[in-house]
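Heads up: the sequence shown runs through residues -22 to -1, 1 to 324, numbered per mature numbering (1 follows the signal peptide of the UniProt record, and there is no 0).
Ideal Cβ positions, reconstructed from N, Cα and C, are used throughout, including at glycine.
Let me begin by presenting the structure, written as structure tokens, before commenting on it.
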Amino acid sequence: MRQLCIATMFALGCLCTGQASAQSALMKQAQGLFKPIPTTAPALPGNAATPAKQELGKMLYFDTRLSESHALSCNSCHMIGMGGVDLQETSLGHRWQHGGRNAPTVYNAVFEVAQFWDGRAKDLEAQAGGPLVNPVEMDTTPEHVIEQLKGIPGYTAAFAKAFPGVADPLTFDNVRKAIAVFEATLITPNAAFDRYLKGSEEALDANQKAGLELFIGKGCVACHNGINVGGSMYAAFGVIERPGAEILPPDDKGRFAVTKTASDAYVFRAASLRNVALTPPYFHSGKVWDLRQAVAIMGNSQLGADLNDGEVDRITDFLGSLTGDQPQVMLPILPPSVATTPRPKP
Ligand code: HEC
Ligand code: HEC
């Protein structure tokens, strides 16, 4: 390319150089709006990571005995190896019940401003208790989680190692802490877009760059910005035009349930778009399976922009560049149950 530029420079004037600097301007703009995913797990305030705590958190994440039925673990709905989601419209929980919302990915969740579609848990540690006690998810109680884990001898030692120097380390708080520390490792660096943000022009192809330009120019970036290309603020789903009931079910008023403020009706956290190509179906309702359709809906509902097919395609190409290295997790060997271990309740 450079040779070609030099060879044709005199004939074509500064066309090639001109193009190069236009690309750099886009890169500079992107660098001001977004941040790459780091390559190492971020530290959690007041919850220092140690290998023993991470390992315990991983065990708890995969252990179905944390659920009342012993049939569900965190991994049932947030599958490692499958984008951290379950690819269901709404998740299947306790006794085959469906919850009301689509399961967001746990990957990069550590970077979100708060957890859940409505931001009702302030961080991963606060979040981790939620699904355990949710009747349509794992349907247990904090007391039963502790009784269960104390009934599995191997966990006593694992908690003592993860929380050294504490008289009674096997507590519900520490269950949440350990899970949060493991979840903080579930990050996806090195997406093509991250390499671009770090200065590699070749990391994105021409279509993805055109998509990035539209993503910024059309205004998607007003809500989808920062490290997770979203996940940092709340907005109404339907700022300009409220989607129909088949996509935005009227009974789920989002953040209104958290703040009880009228203006928060149908307000949700602007979704993180990291790995979005891997995590259909889309929106809190999980009603849209095609990413292109989700992009077109956003154009109408959030921006009043009737994106044409070409624009939708380019933006979707750009979103594809947000797929990073997926976490490689070695399955933990879980401590065995013994005769006295509390049994599953179907
Ligand atoms: C039965 C399915 C199910 C199980 C089991 C489950 N989750 Fe979830 N998870 C969901 C759904 C659905 C949501 C979204 C709920 C909402 O926003 O109201 C969610 C939300 C989350 C979030 C918030 C992500 C974000 O971007 O806001 C995290 C983190 C998470 N779950 C972690 C866990 C952990 C840890 C466990 C195990 C202790 C677990 N989940 C068990 C279905 C499940
Ligand atoms: C005014 C803020 C705002 C703007 C502007 C905006 N979005 Fe969104 N976006 C949101 C919110 C809020 C959600 C979550 C909606 C829900 O499911 O409740 C979302 C969800 C999404 C999703 C679904 C992600 C998932 O995992 O379910 C995609 C894809 C998306 N936006 C892409 C875009 C694109 C592309 C644009 C520009 C054409 C755009 N958004 C403009 C706020 C915004």
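Quick one: Cα of residue i to Cα of residue j, how far?
i, j, result
"phenylalanine 171", "glycine 298", "9 Å"
"serine 2", "glutamate 179", "8 Å"
"valine 153", "leucine 300", "31 Å"
"glycine 107", "threonine 42", "15 Å"
"aspartate 303", "asparagine 168", "6 Å"
"glycine 97", "histidine 76", "20 Å"
"tyrosine 39", "asparagine 53", "6 Å"
"threonine 119", "serine 45", "9 Å"
"proline 320", "alanine 140", "23 Å"
"alanine 272", "proline 23", "35 Å"
"glutamate 115", "tyrosine 260", "20 Å"
"aspartate 291", "arginine 252", "18 Å"
"proline 313", "aspartate 268", "41 Å"
"glutamine 32", "threonine 134", "16 Å"
"leucine 285", "glycine 195", "12 Å"
"glycine -5", "methionine 5", "Residue confidence for glycine -5 is low, a pLDDT of 48 falling below 50, so the modelled location carries little weight and cannot support an answer."
"leucine 70", "serine 47", "13 Å"
"alanine 181", "asparagine 112", "42 Å"
"phenylalanine 215", "glutamine 280", "7 Å"
"lysine 155", "glutamate 121", "16 Å"
"histidine 262", "aspartate 183", "31 Å"
"proline 142", "alanine 92", "29 Å"
"valine 266", "isoleucine 225", "7 Å"
"tyrosine 85", "alanine 145", "33 Å"
"threonine 63", "arginine 73", "Threonine is not the amino acid found at residue 63; the sequence shown has valine there. Computed Cα separation, rounded: 19 Å."
"threonine 318", "valine 159", "30 Å"
"lysine 238", "isoleucine 58", "35 Å"
"leucine 309", "serine 241", "45 Å"
Taking DSSP as the reference, what is the three-state secondary structure of residue i?
i, result
"glutamine 93", "strand"
"glycine 204", "strand"
"alanine 158", "helix"
"valine 88", "helix"
"glycine 232", "strand"
"alanine 223", "coil"
"leucine 4", "helix"
"valine 153", "helix"
"threonine -15", "Any answer about threonine -15 is weak, because its pLDDT of 42 lies below 50 and its placement is not dependable; what the coordinates show is given next. Residue state, collapsed to three classes: helix."
"methionine 116", "coil"
"asparagine 278", "helix"
"valine 123", "helix"
"phenylalanine 171", "helix"
"methionine 60", "coil"
"valine 316", "coil"
"leucine 22", "strand"
"serine 54", "helix"
"proline 322", "coil"
"lysine 128", "helix"
"arginine 43", "helix"
"valine 307", "coil"
"lysine 238", "coil"
"asparagine 185", "helix"
"glycine 177", "coil"
"glycine 108", "helix"
"arginine 252", "coil"
What residues are listed by DSSP as bridge partners for residue i?
i, result
"alanine 214", "Val245"
"leucine 70", "His76"
"leucine 102", "Answer is none; leucine 102 lacks a bridge partner."
"valine 266", "Tyr260"
"methionine 38", "The identity of residue 38 in the sequence shown is leucine, whereas the question assumes methionine. Beta-bridge pairing links leucine 38 to no other residue."
"phenylalanine 12", "Gly204"
If residue i and residue j are in contact, beta carbons under 8 Å, what's the gap, nearest whole angstrom?
i, j, result
"glutamine 186", "phenylalanine 296", "5 Å"
"threonine 83", "threonine 257", "5 Å"
"proline 131", "valine 316", "6 Å"
"valine 245", "alanine 213", "6 Å"
"glycine 177", "lysine 13", "Rounded, the Cβ-Cβ distance is 14 Å, inconsistent with contact."
"glycine 209", "phenylalanine 89", "6 Å"
"leucine 34", "phenylalanine 137", "7 Å"
"valine 199", "leucine 11", "6 Å"
"glutamate 161", "alanine 87", "6 Å"
"alanine 8", "leucine 192", "13 Å between Cβ atoms; not a contact."
"glutamine 66", "glycine 232", "That belief does not hold up - the Cβ atoms of glutamine 66 and glycine 232 are roughly 20 Å apart, past 8 Å."
"leucine 110", "valine 123", "6 Å"
"glycine 282", "glutamate 219", "7 Å"
"alanine 19", "isoleucine 157", "That belief does not hold up - the Cβ atoms of alanine 19 and isoleucine 157 are roughly 14 Å apart, past 8 Å."
Under a CB-based cut-off of 8 Å, is residue i close to chain C?
i, result
"isoleucine 194", "The chain labelled as chain C is not found in the depicted structure, where only one protein chain is given."
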